[in-house]
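Under numbering that gives the first Met the number 0, the residue at position 176 of the sequence shown is numbered 175, and the numbers go up by one with no gaps. Okay, so here's the structure we're looking at.
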Amino acid sequence: MAAGIALADRDGIESISMRKLAQELGVEAMSIYTHVRNKDDLLDGMVDAVIGQIPTTADGAGGADGADGADSAADADWATTLRQMALAARAVILTHPWAPPVIESRTAPGPATLRHIDAVLSVLRKGGFTVAQTHHALHILGSRLLGFTQDLFDDSAGSSGALDPETAAGIVSELGATLPYIAEMALAVTHQGALGGCDDDAEFQFALDFILDGLAGLQNR
């Protein structure tokens, strides 16, 4: 699994095959089948191993923005603890950019994933949420518990090469005639003076904090 993760980190998830993994390990391809049934089984193990890298509250989950770790759920309120866990998960996922789409394609959680979810449920239950509220919270938080979100579209390509102000202004002017609100939004959220990708980390934290505030309101109903 470690060799598969390293290969995917280096060459992308499309590089994963039994043959290439065997080459990485210096063995015959057929010997890989001693350990996994097929490529899907390999991917299951790889994403579960990645999720296993995410610290839980018991391990001391520290926020990606430098927050101190918590040794147990009792060391911080539930919202702070969940925030630290989600940001710690994001720090892990950012080192394995291939992982989110593979995680989303899996049909059953592995042992590490189940342990991570159980740790999240523990924080919520010990924080005073009912079983029903905890169930709602799990659905609301969704993939943020694993450090990523599914956005409306992927603008990551734009973030690597933002347009210069003159070109951006021309594009916005063309959009404004038929799509005024998209043009307005494009201008409002420009980065460094030009159109480009969103600040994914900032948007992740904004949405996470918004959700946690909402869950606090649910708890007080």
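Virtual Cβ for every residue (Gly too), placed ideally from N, Cα, C.
Annotation: A87 to Q132 spans about 24 Å, alpha carbon to alpha carbon. In the three-state DSSP reduction, H138 falls in the helix class (H, G or I).
If you look at A185, you'll find it in the alpha helix (DSSP H) that goes 179–187. M184 counts as exposed, since fewer than 16 other C-beta atoms from the protein chains shown sit within 10 angstroms of its C-beta. Measuring C-alpha to C-alpha distances from H115 to each of L214, A98, I53, V26 identifies I53 as the nearest.
By the C-beta criterion, the region 122–131 is judged not to be in contact with the region 38–47, since fewer than 3 inter-stretch pairs fall below 8 Å. Here V26 carries a coil assignment [DSSP, helix/strand/coil]. In this structure, DSSP gives S121 a helical state, which the three-state scheme calls helix.
When the five nearest sequence neighbours on each side are left out, the beta carbons in the same chain lying within less than 8 Å of the beta carbon of I4 are those of M45, A48, V49, H95, in order along the chain. Around the CB of M84, 16 or more other CB atoms lie within 10 Å, so the residue is classed as buried.
Proximity to M17 across V26, D10, T80, E173 peaks at V26, based on C-alpha coordinates. For V35 and L93, the gap between their C-alpha atoms comes out near 26 Å. R143 is positioned such that its CB atom lies closer than 8 Å to that of L207. Less than 8 Å separates the beta-carbon of A2 from that of L20.
Shown here, W97 sits in coil according to DSSP, grouped into three states, outside any helix or strand. Contact between I210 and L140 holds: CB atoms are separated by about 6 Å, below the 8 Å threshold. Looking from the CA of A201, the closest CA among I31, R89, A28, T80 belongs to R89. For I53, the secondary structure class from DSSP, reduced to helix, strand or coil, is coil.
Pairing S14 with L6 gives a Cβ-Cβ distance under 8 Å.
The criterion of a C-beta distance shorter than 8 Å is satisfied by L174 and A182. If you look at Q83, you'll find it in the alpha helix (DSSP H) that goes 77–92.
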